[in-house]
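Counting from 2, one number per residue, gives the positions in the sequence shown under the numbering used here. We put the beta carbon where it would ideally sit given N, CA and C, even for glycine. Taking it in order: structure first as structure tokens, then the write-up.
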Amino acid sequence: MLKTVMLVDDDDVTLMICKLRLEKAKFCKEVIRFENGADAIQFFEKQILLPSEQRTEPELIFLDINMPVMNGWEFIESFEAHYLSIFPNTKIIILSSSVDPKDEEMAKANQRILGFLTKPLSDQYLQELMRNTYFINKFNHS
2 MLKTVMLVDD DDVTLMICKL RLEKAKFCKE VIRFENGADA IQFFEKQILL PSEQRTEPEL
62 IFLDINMPVM NGWEFIESFE AHYLSIFPNT KIIILSSSVD PKDEEMAKAN QRILGFLTKP
122 LSDQYLQELM RNTYFINKFN HS
């Protein structure tokens with residue numbers, strides 16, 4: 002079980018469904034949600050002001066690509082430039098309705114991104130993640 006998962010998506014229904022699925026699967030202890038990349042970046046900005054033992058470090062981010070204010074790619078660029086050294090264990094799974102093959106290629110080229118998933122997040126995908134040996138070893142905090 003992961004400690005903290007972050008959801009970043011501009012669709013309230015998607016955020017609600019993802020949160021319910023994560024809770025039902027007992028995938029993580031805490032789910033934090035943001036409606037765009039800028040709000041998620043502000044979260045990390047506030048975290049670095051805290052003493053390290055008080056910080057919340059999401060182990061996994063489910064990230065939409067197409068969002069207003071700051072899209073997923075802009076979020077990744079900002080996160081990697083400013084916060085990666087402070088939150089080195091945070092990984093990303095793209096959860097998007099994008100059908101652009103360039104988005105999937107960009108995701109595969111980034112080591113921080115564990116996967117590219119077409120919405121919606123399914124119970125089956127969560128169970129596959131939990132069974133994946135690499136994933137379990139990387140994030141085993143239970």
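*In the structure shown, what three-state DSSP assignment does V32 receive?*
strand
_Which residues DSSP lists as bridging T5, in chain order_ = E31
*If you draw a straight line from the C-alpha of I147 to the C-alpha of Q125, how long is it?*
This structure does not reach residue 147, given that the chain is present from 2 up to 143, and the question cannot be answered.
*Curious, which full-length beta strand (DSSP E) runs of at least 3 residues does the region 34 to 103 contain?*
61 to 64, 92 to 97
*Own chain residues within Cβ distance below 6 Å of L16, not counting five before or after*: For L16, where only same-chain residues beyond five positions count, the Cβ hits under 6 Å are L8, D10, R34.
_For I93 and I66, which I take to be in contact (beta-carbon distance under 8 Å), what is that distance rounded to the nearest angstrom?_
About 11 Å separates the two Cβ atoms, so there is no contact after all.
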